[in-house]
Amino acid sequence: MTGGRGAKGRTPDNGAYDPATHLYYAAIVTGSGNTDGSIEIVDTKAAKLVGSIKMNGSDPGGTSIDPSGKRLYVAMGDVVGGDSHLKVVDLEKRAVIAEWPITGGPAPHASGLDAAHHRLFVGSRVKGGHQYEPGKLVVMDTDTGKVVQALDSVGGADEVIYDPATRRIYFVGTTGTLAVFRQVDPDHYELIGKVPTGALAKTGMYVPDLKRMYIAVPKHLVQTPPYGANDHIVEEAHLMVFDYAP
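Under our numbering, the first residue of the sequence shown is numbered 3, with each subsequent residue one higher.
Dropping the structure here:
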């Protein structure tokens with residue numbers, strides 16, 4: 003498949019799935035100096051590539067699909083030619099129909115959607131890396147593209163999840179912290195807490211029926227005193243489970 007594993011200079015990263023059509027939209031990131039980033043469309047029932055949408059950029063980051071299946075939001079954290087922006091994709095036309103600047107979030111990498119209130123939550127890595135703090139949570143109006151609010155968060159944004167039942171936003175950062183925000187109303191948000199996770203913890207999933215958050219921590223080294231080349235221990239990969247706290 004185009005942009006699949008082994009394709010030179012093209013790396014699958016984020017993605018969004020439409021359960022009604024069984025289509026998976028895979029964001030393909032390209033290398034520096036290349037603007038061939040794309041959204042590759044995969045029919046998961048037929049197991050084949052059925053389309054491609056050019057992004058005219060190198061770094062399609064956070065992807066969120068509207069429950070109607072008509073729109074896909076793609077946060078672009080381009081390292082080529084410009085500032086971060088949000089592309090709005092018409093999935094029936096399979097074309098970009100709008101581009102809006104992500105003010106206050108220069109290196110977006112994850113997003114979540116509140117479809118009922120037309121709000122998109124973009125997680126940004128500010129300086130692009132995994133370690134720098136603070137990161138940013140940027141709230142955007144999906145009708146107008148206006149930035150409603152930009153809040154400090156943890157670094158290394160990798161997952162942003164909105165739970166409509168509790169009106170909470172879960173922001174997973176690779177600096178070893180889960181930040182939890184609360185939606186006061188569609189135009190106002192606040193940080194209500196931070197929870198330690200693990201080094202380079204990235205992938206996370208919230209299960210509303212269980213009110214549980216699952217976060218995967220990869221295998222990693224931990225340096226120990228006196229911090230020489232061989233002074234470290236190995237922590238194996240593990241899954242962390244967090245229960246919802248009212």
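Ideal placement from N, C-alpha and C gives every residue a C-beta, glycine not left out.
Can you name, in chain order, every residue of its own chain whose Cβ lies under 7 Å from the Cβ of residue 23, other than the five neighbours on each side?
-> Mapped onto the sequence shown, residue 23 falls at position 21. Correct list, in chain order: 71.
Going by other Cβ atoms of all chains shown within 10 Å of its Cβ, with 16 needed for buried, is residue 94 buried or exposed?
-> Here the question's residue 94 lines up with position 92 in the sequence shown. Under this definition residue 94 is an exposed residue.
Please list the segments of the alpha helix (DSSP H) lying wholly inside the region 184 to 222, counting only runs of 4 or more residues, in order along the chain.
-> none
Kindly indicate which residue of 12, 27 and 13 has the alpha-carbon position closest to the one of residue 19.
-> Within the sequence shown, residue 19 is the residue found at index 17, counting from 1. Of the listed residues, the one whose Cα sits closest to residue 19 is 27.
Validate contact between the region 138 to 151 and the region 187 to 195 using beta carbons, cut 8 Å, 3 pairs | yes
At which residues does the beta strand (DSSP E) containing residue 70 begin and terminate?
-> In the sequence shown, counting from the first residue as 1, residue 70 sits at position 68. Taken as a continuous stretch (DSSP letters only), residue 70 belongs to no beta strand (DSSP E), as it is neither H nor E.
What are the start and end residues of the beta strand (DSSP E) that includes residue 103?
-> Taking the sequence shown and counting its residues from 1, one reaches residue 103 at position 101. Where residue 103 is concerned, the enclosing beta strand (DSSP E) stretches over 97 to 103.
Compute the Euclidean distance between the alpha carbons of residue 279 and residue 79, then round it to the nearest angstrom.
-> Given that the chain is displayed from residue 3 to residue 248, the structure contains no residue 279 and the question cannot be resolved.
Residues in its own chain within less than 8 Å of residue 233 by CB, not counting five upstream and five downstream?
-> Along the sequence shown, read from residue 1 onward, the residue named residue 233 stands at position 231. 225, 226 and 227, listed in sequence order.
Kindly provide the ranges of any beta strand (DSSP E) runs that are 3 or more residues long and lie completely inside the region 120 to 144, ordered along the chain.
-> 121 to 126 and 137 to 143
Helix, strand or coil at residue 60 [DSSP, three-state] = Indexing the sequence shown from 1 puts residue 60 at position 58. In this structure, residue 60 counts as coil in the three-state DSSP scheme.
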